[in-house]
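Residue numbers (our numbering): 6 to 301. Backbone N, C-alpha and C define an ideal beta-carbon position, used for all residues, glycine too. None of these values were measured; they are calculated from a predicted model.
Here is the structure:
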């Protein structure tokens with residue numbers, strides 16, 4: 006059976022059928038999936054019946070794996086698998102995975118484990134569509150800017166609203182401080198597309214004050230989160246979603262009344278981001294070599 010790609014929205018997302026990703030893929034299949042990812046940014050696979058080992062094997066078709074996270078614990082016995090569990094916190098803010106390190110993952114896979122009876126969707130936005138939407142003057146400005154990304158950011162939650170467990174989770178997340186400067190406009194290494202490389206870990210524009218930075222980042226972010234640029238993925242059992250971490254952002258919607266929700270994440274090591282003038286990102290604080298190799 007040949008691989009079939011069916012678009013889900015105009016700007017982002019497609020369903021993939023005609024391939025059993027629980028088995029080793031041949032070169033032609035990997036190429037077809039990679040090409041579909043380049044076009045659609047996020048791909049969904051139904052009825053996959055994978056375990057953690059199978060999810061890792063699938064992700065390895067696209068490169069070396071990272072460990073689960075630079076600071077957060079992995080699934081027991083599976084150092085490359087991160088439990089995305091509602092009981093361990095909720096990523097209900099727009100972000101691109103692990104942009105606070107020098108070379109964030111190139112791709113992320115999420116697999117449904119426990120799905121609430123309602124809600125719990127994952128939103129995935131195309132930062133390439135966002136860049137194309139910018140008026141020419143804003144696009145020209147964004148092309149020149151760099152932003153500092155950090156895991157030690159303002160959670161905007163008063164300390165008195167944080168219980169002991171949440172405080173421990175926050176302390177673990179920031180147990181190693183990272184700060185990295187990335188171009189606000191990143192050039193995709195395979196397609197040459199430009200995308201807004203910002204999100205929740207981008208805290209300050211290099212050379213600007215915090216207030217000025219926030220104004221600009223919020224303005225650019227408003228183009229990323231336009232409804233037309235978003236895939237709203239409603240999870241079902243036995244699904245896997247693969248998305249291009251270099252040119253998307255995502256958000257886990259907290260709308261399921263505290264019911265159990267668990268996904269497993271496996272990420273593929275990425276390259277060092279490059280801006281439109283060919284300059285690479287640079288590290289300011291923190292060494293992530295224990296977490297990821299650098300993709301060539």
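Per DSSP, which one or two residues make a beta bridge with residue i?
i: residue 119; result: 267
i: residue 153; result: 186 and 209
i: residue 46; result: Answer is none; residue 46 lacks a bridge partner.
i: residue 12; result: 19
i: residue 247; result: 48 and 114
i: residue 255; result: 100 and 129
i: residue 146; result: DSSP output for residue 146 lists no bridge partner at all.
i: residue 235; result: 130
i: residue 191; result: 200
i: residue 176; result: According to DSSP, which records beta bridges pairwise, residue 176 is partnered with nothing at all.
i: residue 70; result: 273
i: residue 83; result: 80
i: residue 279; result: 285
With a cut-off of 8 Å on the beta carbons, I'd call residue i and residue j a contact; round off their distance for me.
i: residue 253; j: residue 101; result: 7 Å
i: residue 70; j: residue 61; result: 6 Å
i: residue 280; j: residue 300; result: Wrong, their Cβ atoms sit about 18 Å apart, outside the cutoff.
i: residue 72; j: residue 177; result: Rounded, the Cβ-Cβ distance is 15 Å, inconsistent with contact.
i: residue 230; j: residue 130; result: 6 Å
i: residue 104; j: residue 187; result: 6 Å
i: residue 261; j: residue 82; result: Not quite, the Cβ-Cβ distance comes to about 28 Å (not below 8 Å), so this is no contact.
i: residue 285; j: residue 277; result: 5 Å
i: residue 202; j: residue 191; result: 4 Å
Answer with buried or exposed for residue i, where buried requires no fewer than 16 other C-beta atoms within 10 angstroms of its C-beta.
i: residue 264; result: exposed
i: residue 308; result: With the chain represented from 6 up to 301, any question about residue 308 goes unanswered, as that position is not in the structure.
i: residue 246; result: buried
i: residue 123; result: exposed
i: residue 21; result: buried
i: residue 106; result: buried
i: residue 212; result: exposed
i: residue 235; result: buried
i: residue 46; result: buried
i: residue 29; result: exposed
What are the boundary residues of the alpha helix (DSSP H) that residue i is part of?
i: residue 216; result: 215 to 229
i: residue 132; result: 132 to 138
i: residue 200; result: Premise fails: residue 200 lies in the beta strand (DSSP E), 199 to 201, not in any alpha helix (DSSP H).
i: residue 58; result: 57 to 64
When you compare each of the options to residue i by their alpha carbons, which one comes out closest?
i: residue 268; options: 292, 138, 104 and 243; result: 243
i: residue 233; options: 135, 241 and 43; result: 135
i: residue 10; options: 26, 147, 37 and 238; result: 37
i: residue 55; options: 236, 289, 80 and 116; result: 116
i: residue 155; options: 182, 133 and 283; result: 182
i: residue 196; options: 255, 145, 206 and 133; result: 133
i: residue 258; options: 238, 48 and 217; result: 238
i: residue 224; options: 143, 119 and 90; result: 143
i: residue 255; options: 8, 17 and 13; result: 17
i: residue 57; options: 86, 51 and 34; result: 86
i: residue 250; options: 145, 241 and 273; result: 273
i: residue 157; options: 109, 207 and 198; result: 207
Considering just the uninterrupted stretch of the beta strand (DSSP E) at residue i, what are its terminal residues?
i: residue 262; result: Counting along the chain, residue 262 falls outside any beta strand (DSSP E), and DSSP gives it neither H nor E.
i: residue 88; result: 87 to 90
i: residue 302; result: Look at the range of the chain in this structure, 6 to 301, and you will see that residue 302 is not part of it.
For a cutoff of 7 Å on Cβ pairs, would you count residue i as touching chain D?
i: residue 80; result: Among the chains of the structure shown, chain D does not appear; only one protein chain is present.
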